[in-house]
Amino acid sequence: MAYLVHSPEERAAMLAAIGVASMDDLLIDIPPSLRIPALELPSGLSEFETMAQINALAARNRVFADRLTFRGGGVYRRFIPAAVAAVTSKPEFYTAYTPYQPEASQGTLQSIFEFQTLIAELTALDVANASMYDGATAVAEAAMMAHIHTGRNEVVVVGYLHPEYMEVLRAFSDGRGIKVRKGTEANSKTAAVVFQQPDFLGLLVDAPGLTESAHRAGALAIACVDPISLAILAPPGEYGADIAAGEGQQLGLSPNYGGPHVGFIACRKDLVRRLPGRLVGAAHDAAGRRGFVLTLTAREQHIRRERATSNICTNHSLCALAASVYMTYMGADGMRQVAEVGFKRAHALADRLAAIPGWERAFPERQFLNEFPIRVPKGPAVLRKLARKGILGGLDVHRWFRELKGVLTFTCTEVNDARALDELVEALGS
Amino acid sequence: MAYLVHSPEERAAMLAAIGVASMDDLLIDIPPSLRIPALELPSGLSEFETMAQINALAARNRVFADRLTFRGGGVYRRFIPAAVAAVTSKPEFYTAYTPYQPEASQGTLQSIFEFQTLIAELTALDVANASMYDGATAVAEAAMMAHIHTGRNEVVVVGYLHPEYMEVLRAFSDGRGIKVRKGTEANSKTAAVVFQQPDFLGLLVDAPGLTESAHRAGALAIACVDPISLAILAPPGEYGADIAAGEGQQLGLSPNYGGPHVGFIACRKDLVRRLPGRLVGAAHDAAGRRGFVLTLTAREQHIRRERATSNICTNHSLCALAASVYMTYMGADGMRQVAEVGFKRAHALADRLAAIPGWERAFPERQFLNEFPIRVPKGPAVLRKLARKGILGGLDVHRWFRELKGVLTFTCTEVNDARALDELVEALGS
Amino acid sequence: MTEPLSFEKSRPNAHGPRLPDADVDAPDPTAILPRELLRARPPGLPRLSEPEIMRHYSRLASLNYSISEQFYPLGSCTMKYNPVVNEIAAALPGFTDLHPYQGEDTVQGALSLMWRLEQALCAVVGVDRVTLQPAAGAQGEWTALRMIQAYHRSRGDARTQVLVPDSAHGTNPASAALSGFEVVEVKSGPDGRISLADLDAKLSPKVAALMMTNPNTLGLFENEILDVAELVHATGAMLYYDGANLNAFMGICRPGDMGFDAVHMNLHKTFTTPHGGGGPGAGPVGVKADLVPFLPAPTVERMNGQLKLDFKRPQSIGRVRSFYGNFGMLVRAYTYIVAMGGDGLKQASLDAVLSANYLRHELEGLLEMSHGGPCMHEFVASAHNLAGDGIKALDVAKGLLERDFYAPTIYFPLVVPEAIMVEPTETESKGTMDAFATAIKEIVQQARESPAALHEAPHGLPVGRLDEVATARQINAYLQGQSEDPVLRWKPTP
Amino acid sequence: MTEPLSFEKSRPNAHGPRLPDADVDAPDPTAILPRELLRARPPGLPRLSEPEIMRHYSRLASLNYSISEQFYPLGSCTMKYNPVVNEIAAALPGFTDLHPYQGEDTVQGALSLMWRLEQALCAVVGVDRVTLQPAAGAQGEWTALRMIQAYHRSRGDARTQVLVPDSAHGTNPASAALSGFEVVEVKSGPDGRISLADLDAKLSPKVAALMMTNPNTLGLFENEILDVAELVHATGAMLYYDGANLNAFMGICRPGDMGFDAVHMNLHKTFTTPHGGGGPGAGPVGVKADLVPFLPAPTVERMNGQLKLDFKRPQSIGRVRSFYGNFGMLVRAYTYIVAMGGDGLKQASLDAVLSANYLRHELEGLLEMSHGGPCMHEFVASAHNLAGDGIKALDVAKGLLERDFYAPTIYFPLVVPEAIMVEPTETESKGTMDAFATAIKEIVQQARESPAALHEAPHGLPVGRLDEVATARQINAYLQGQSEDPVLRWKPTP
Ligand SMILES: Cc1ncc(COP(=O)(O)O)c(C=O)c1O
Ligand SMILES: Cc1ncc(COP(=O)(O)O)c(C=O)c1O
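Protein chains in written order, with my numbering: chain A, 50 to 479; chain B, 50 to 479; chain C, 6 to 499; chain D, 6 to 499.
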């Protein structure tokens, strides 16, 4: 009962003020047959005992050191500046609601406006929204935008899209009667071509070419992008993709066993009215002072109801704030540097792993950044052996793709120092 | 070089504005012979690498679980409400300076005013100051107050005062030409009688009697008190002591390998002008609004210089804030409850330990609260054995007191759950 | 106080962060990758030093009202105290540093937390299983509707309509539409409850489900809920519970007992996970046995004393988002439940209802009440009675901001003109509510005596009322190519 | 915004914390302890629920200006950015949860940190050893003076005087007096530096030490420091360095090389440990070889590859406080030093000097400067030129508060009338300094055009100028028994 406030005397005084004798008089609308005597849960605990329980649960998980974590697959260990948590742990940010009253919410609103700008800059597109739940739903919502925009009912997915994003895309599409097809070419029924750059295996795809071929069929091109990669790789806006969507976990968020992370979505100007979720714009007061407001709300559920572009309401604002702090801290140079460090280490590691007898690069003809697939004999046994040595080895992608038996994807970032690569290779050798 | 701001261009622009060609032109007052080429320290590191180093240092320390820590001796493991760090980690508190500008420092000033009131209430004395460095210096400063007030040059220490407090008292006294004497009785040269309640071994002293005998000799009575104990024990104000001083670590502060903690000092009305350090008082502005200010500054070094009551300037404000949050969170009932829990567990443990063959209570005729001395064969070996089992056993006080060979003091608080007591006793048995 | 944008404070070559070097022998990306895959122009991110960044965000934070500093009586949002210990729990490395693709044997603590949370939520709402996957309330609604759809389809029953009361939250119809349903509105009766007659009229074999919240968005308990359930179930449709208002009756009664088949919960409302200025939240969905086969995969299952993620659920609707839900929020909610216990959660609901009725009583006579009392955990007032003075709900809201209170929800639910929806929650003191009532009294008086001044509220905040219409117009101009200013993002002046 | 006192918000039986039970069989204290040792009346602590407590302190926090949100150019205080990573380092359980009486073998990491920090500080100031024990600068001064005293005594030389320049900080004479020395003031010359002639006149075999800071409190480097040192040492006295101004020349020159024998450092100034609204800080003292035997015990020593606490120091002055210093602050300072490195610390000092000279240049013409430039890391201006308009340094300070800046140090050093002592530090941007200069310009203009308005500054803060004189008078009345209101604490109205 830690978080109650009233004293017994105050409860009595309030009942008296209302003019009733007991709480039951306030609950008269509840049919007596529905009343339950008590909630069947243990009694409350002191904070000390509560934390003892929670600490015990946390202690029953095994945390792999960041430098010895080589598993990615959509979630990565990266250096997170201390500045990030110092900002997101400010109660003024984390205990506020969606900024419905702009005069009393400029902190949240301006930070979202900055996030929108940062994402638009990173993707080289015109406008980004305030945030989505995650990369999977961002991609699915992007496909919904294309469906609304083109009036077409098919989405073509090219290459290795993250399998969970694929599932979510199917779930979204299913409700709206949209067909999701794995393929290589759009046609006149195609609303959008979706591709991931780098793809789920870490490999680079011909994003400009895919965009062009989508456009030739009158479809939109949706690029699912890794935000850190955009410090090096051509951004969607540069090669003409219409919508960029992706997962922002790498921008200052912990793995957190899968969430909360943050999705982002950006698009060309003419698609802005199709965007799901919150949008913040600049505004002015009567004295000419600049401020920020939620805007273009006519797209949203609370105004448009069943005709809204999406049902999203609560999104992932605080995670977007974390991403903003991260991007602002790193700057374009900092992001480029970590992207390059990951690139170099992954290339060094790929060479060393491919040199192990029986191991070989899975798609040797393809380029990659900091995650790459390698075919090994007895993948599961290798991973178990590494785990025993405190190393979280590559991701076994066979689980999702039948054709990829024995393929593990390894990831390197700035947290995997050179000595950690040595340790990995040594552990594999032993 | 993490925490710099200027760009090279800005540096150049500022030099140009000043009208000098280089930094050397600004450093002309430094005799060239004094200039050094560089600071002989390693180069700066990235935040990631810095934290790797610091984490490695922290990992080279052994942390005993709070529930298995039975060592006290002036520093105790206790339940610290999460609220404490949530308040003290607010940058508005921790990055402010001493509140010289009251209009822009009401948060700090009001919280100090609340601290002063809390300590005055706890000790049942009239006024408390804003904080001292620690318990040791608080006691020493209290003795200096008595010296100034009475004009006498001797301090009598009765019983087992914390040996480090004793050392600091000697150091302070030495400079001012005051004699510190261990004894039982004051005389006409005595400025103050100092006693600790409970004493360093955890034993209760006859505080009312000692106070009375001090007063009979015209000396002041200085009680060094444990703030948690005051939820149960008679406070200095109730038995007429003139000054209360003590260590506030138990009020929401971690052991921190010995600091920072916080000292407090409270006194009767007629000694207020002798108080060292900061004092905050209520004030009003022209519109009649209440606020708080630093006051009675004529006692202090920045006004009175060599005639100040003390040289203290920076004190331990943020630790005092932690203590305020703690006391406000616990309230009188909560503090009483933890004091009682410690009392009961210590008494249960004392009985069980005294039942071990060869072990016996060191002062069986004396009462204690939650820390007690027990005489054991081969104390150091016992402690080493416990340490091997992850238990931080009692404190070997022989180090300071020749007459206490084989005496260990054990402490219990609300963090040492009943099962932990069992584990301790089992470990001793095995 | 105001604060420029980070972009406006940026300077080329301002001191930036030091970062680790690669420290391996490998070529630069530019040396290997084809030119057309490389970025041509670097992104225009701001360049600021760490001290400047920290000050920037500290100043921005201070521009916000938040529960931490203000009463935040935002109806339907349950802005209760967010316990600090929850934040500590969620920040434990044993939780934050878990990779979602670690082996199950290495995350037994995490799975156990999810399992126990599921059990606790089942007990609170009276259902058989709960999925923790949905990211927020709206996603929970959609997840539930997809399960209901799958259920009907599994029986060869192609139902195409979802009924939604006119007082429902916007996400309800939107979620129904997203699932491909036609939305049919059901009217409220004069007492603010759903009209049984209208419901009866709209029910048909085409109807897949009725979505309701209870207490409804007027803060009124749907006292005929058992009749509603009977009517709905009689046609083969299912009853869906929007759990935004669950704070009204934990330990008092349970949606499952009322006949609801699927229930979403907002952990960021009832279970104190912070709202973060717009999320992240978590929207678990509880279901009765009939719907269990359709739960999103994976579920957490106990097998041979170990907990497992069960992906092999042939009838599952699949995945609604990546991984297993907003795990960090689940940690917070579970920590809250452990601390409160069954007794504490019940007292929380009782206090929430008491507070709302007390505050309602104090405001009666100042504002119109939408309906008679008692209310449950919130109530809807109206600024209608101030219309004669030209005062609207918006003006009342701004008057409150000026008096150091956040504003209630306004203009929702749509069925009440000039609605002012107030939810004090159990964590606000009587003293705070009294001060709020005094502020409303002042505002009502100001409405009479100097409505013009009230129109200009709020004063003393970082900005005055912002011209949202002008913003929309400028965006329009931009979208139509008549202006270079995107309004929705900062752009360097060329 | 204002906030009542916690005591004023307290209500009997307000919901309090749940705490663990004893869970053992043992009697109550009241059953065992003699009545006269038991408390008669419970202390009058406030009773508030956790949600109320958190809001209380959140609101109090928002009443403060702080480096995190404002430029805080408080001269002599080096209010530079406090790195957030320092706070993370200091909060590691591997540091916070160490008991000071744990065995040395279990705290090798902590001892190693202290050892390395000592080495680093030796390198920065050019001394042989450093004690980390003193809790703050003032305690460092006193510690150093006691070592100097012990040194002289060990040579049978009973010196009784300490020389202190007239521009010195108040703690200097106070620390000297606390050590039993007679304080003799040395005058500054017209150029703001110590007068060699006056020094020479005051030096005698009775003098134990000269206390100086360099740059002195006027921000000026004592360019004749080598002559000063020679004079002082020639009489057998020692030279003491008050390190408050060390931020001026890290990596540029070293007090040890200038001839200082003992040096205190304020880690809460130069080395970024936060000031906490008035501490805790840390005031390590470095000494040359002559003074090493007198260092407080324990020191950290390396023996057989292990680090040890050495208590056996026969000539030690003993202990100046409990345990080993403010260890938590040492962690922060060391973390800062590692991150900055030798190169970074040097650049920090260069930038600090550059910033001060730049801001000084921008303010020239607006305010009088105490002395000619260049200055080091800070400078002293004066409001003297505004006296004609009846404006004092205090008014300038309040005008700055009103403009969202904290105020510089005023009325210190005492040798400058209406002193305004400005220290921008290296972590403030040119943009911020420009804005500050603009604010001063506005204030100077306001001083001319509407001095009455400036007298009423600050507006818009939680309170206006507070009547400190009335407070002192009321305290007096209380102390003399003429009033019941203690003023220095809250008291319930009877
Ligand atoms: C009644 C009601 N239903 C549904 C929702 C949607 O929940 P969420 O914002 O978590 O998506 C809300 C929240 O605003 C609500 O108040
Ligand atoms: C010049 C000078 N010396 C000494 C001190 C005293 O330092 P502390 O406040 O840490 O005791 C200060 C701090 O205000 C100072 O500015």
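Glycine residues also receive a C-beta, built at the ideal position from the N, C-alpha and C atoms.
Predicted model only: the values in this text are computed from it and were never measured.
Item to check | Distance, Cys-82/C Cα to Glu-475/B Cα | outcome: Answer to the nearest angstrom: the Cα atoms are 52 Å apart.
Checklist entry - If you measure from the beta carbon of Phe-142/A to each beta carbon in chain D, is any gap under 9 Å? => result No, no contact with chain D.
Checklist entry - Does the separation of the CB atoms of Arg-353/A and Gly-175/C fall below 9 Å? => result Arg-353/A is a Cβ neighbour of Gly-175/C, given a cutoff of 9 Å.
Checklist entry - What did DSSP end up calling Arg-225/B once you bin it into helix, strand or coil? => result In the structure shown, Arg-225/B adopts helical secondary structure according to DSSP, grouped into three states.
Item to check | Whether Ser-200/C touches Ser-209/C by CB criterion (9 Å) | outcome: For Ser-200/C and Ser-209/C, no; Cβs fall outside 9 Å.
Next on the checklist: Less than 6 Å between C-beta atoms, sequence neighbours within five positions excluded: which residues of the same chain meet that for His-196/B?
Outcome noted: Cβ neighbours of His-196/B beyond the five flanking positions: Ile-227 and Ala-240.
Next on the checklist: Using a Cβ-based criterion (distance less than 8 Å to any ligand heavy atom), does Ser-222/A qualify as near ligand 1?
Outcome noted: Every heavy atom of ligand 1 is 8 Å or more from the Cβ of Ser-222/A, so no.
Checklist entry - According to the neighbour-count rule (16 or more other Cβ atoms, all chains shown, within 10 Å of its Cβ), is Pro-285/D buried or exposed? => result Buried.
Next on the checklist: For a contact defined as C-beta to C-beta under 7 Å, what are the partners of Thr-432/C on chain D?
Outcome noted: Ordered by position in chain D, the residues that pass the 7 Å Cβ test against Thr-432/C are Pro-56.
Next on the checklist: Applying the 10 Å Cβ sphere with the 16-neighbour rule, what's the burial state of Glu-96/A?
Outcome noted: Glu-96/A should be labelled buried.
Checklist entry - For Ala-293/B, does the three-state DSSP call read helix, strand or coil? => result Three-state result, Ala-293/B: strand.
Checklist entry - Among all the DSSP beta bridges, which residues are the ones paired with His-157/D? => result Looking at the DSSP output, His-157/D sits in no beta bridge, so it has no partner there.
Item to check | Sequence-distant residues of its chain with Cβ nearer than 7 Å to Val-458/A (five each side left out) | outcome: For clarity, residue 458/A is Thr in the given sequence; the question names Val instead. So the qualifying residues of the chain are Gly-121, Gly-122, Leu-250, Gly-251, Glu-420, Phe-421, Pro-422, Gly-443, Leu-444 and Val-446.
Item to check | Selected residue, minimal CA-CA separation from Ile-271/A, among Pro-257/A, Phe-244/A, Ile-281/A and Gly-232/A | outcome: For the residues Pro-257/A, Phe-244/A, Ile-281/A and Gly-232/A, the minimum Cα distance to Ile-271/A belongs to Phe-244/A.
Checklist entry - Taking Cβ-Cβ distances shorter than 8 Å, what residues in chain C pair up with Val-112/A? => result Here the neighbours are Pro-98, Gly-99, Asp-102 and Leu-103.
Next on the checklist: So for Met-243/C, helix, strand or coil by DSSP?
Outcome noted: Of the three classes helix, strand and coil, the one that applies to Met-243/C here is strand, per DSSP.
Checklist entry - Short check: CB of Thr-157/B to CB of Ser-366/B, under 9 Å? => result Cβ distance < 9 Å, so Thr-157/B and Ser-366/B count as in contact.
Checklist entry - For Ser-81/C, is the beta carbon positioned less than 8 Å from some heavy atom of ligand 1? => result Yes, ligand 1 has a heavy atom inside 8 Å of this Cβ.
Next on the checklist: Quick check: the Cα distance between Pro-463/D and Ala-371/B, rounded to an integer number of angstroms?
Outcome noted: One C-alpha to the other measures close to 30 Å.
Item to check | First through last residue of the beta strand (DSSP E) which encompasses Glu-475/B | outcome: Counting along the chain, Glu-475/B falls outside any beta strand (DSSP E), though it belongs to the alpha helix (DSSP H) covering 467-478.
Checklist entry - What is the DSSP secondary structure of Pro-301/C, reduced to helix, strand or coil? => result Correct three-state label for Pro-301/C: coil.
Checklist entry - Between which two residues does the alpha helix (DSSP H) carrying Pro-422/C extend? => result Neither: Pro-422/C is in no alpha helix (DSSP H) and is coded neither H nor E.
Checklist entry - Can you name the residues of chain A whose CB is closer than 8 Å to the CB of Glu-463/B? => result Within 8 Å Cβ-Cβ: Phe-97.
Checklist entry - Nearest to Glu-190/C by alpha carbon, out of Ala-62/A, Ala-105/A, Leu-94/A and Glu-355/A? => result Looking at the Cα atoms, Glu-355/A is the closest of the given residues.
Next on the checklist: Is it buried or exposed, Thr-443/C, if we count other Cβ atoms within 10 angstroms and call 16 or more buried?
Outcome noted: It counts as exposed.
Next on the checklist: Measuring only from the beta carbon, is Gly-68/A closer than 8 Å to any heavy atom that is part of ligand 1?
Outcome noted: No.
Next on the checklist: Here's a check: name, in chain order, each residue in its chain whose Cβ is nearer than 8 Å to the Cβ of Met-6/D, leaving out the five neighbours to either side.
Outcome noted: Once the five neighbours on either side are set aside, the close Cβ partners of Met-6/D are Arg-64, Ser-67, Leu-68 and Pro-467.
Item to check | Straight-line Cα distance separating Ala-101/B from Leu-117/A | outcome: Straight-line Cα distance between these residues: approximately 13 Å.
Checklist entry - Can you check whether the CB of Ala-332/B is closer than 9 Å to the CB of Thr-476/D? => result Yes, the pair counts as a contact, with Cβ atoms nearer than the cut-off.
Item to check | Every unbroken alpha helix (DSSP H) inside the segment 104-160 of chain B [4 residues or more] | outcome: As far as the segment 104-160 of chain B is concerned, its whole alpha helix (DSSP H) runs of at least 4 residues are 131-137 and 140-143.
Item to check | Closer than 9 Å to chain A by CB, His-20/D | outcome: Taking a beta-carbon distance threshold of 9 Å, His-20/D counts as an interface residue toward chain A.
Next on the checklist: I'd like to know if His-4/A contacts chain D, where contact means its C-beta is closer than 9 Å to some C-beta of that chain.
Outcome noted: Nothing in the structure corresponds to residue 4/A, since chain A is present only between 50 and 479.
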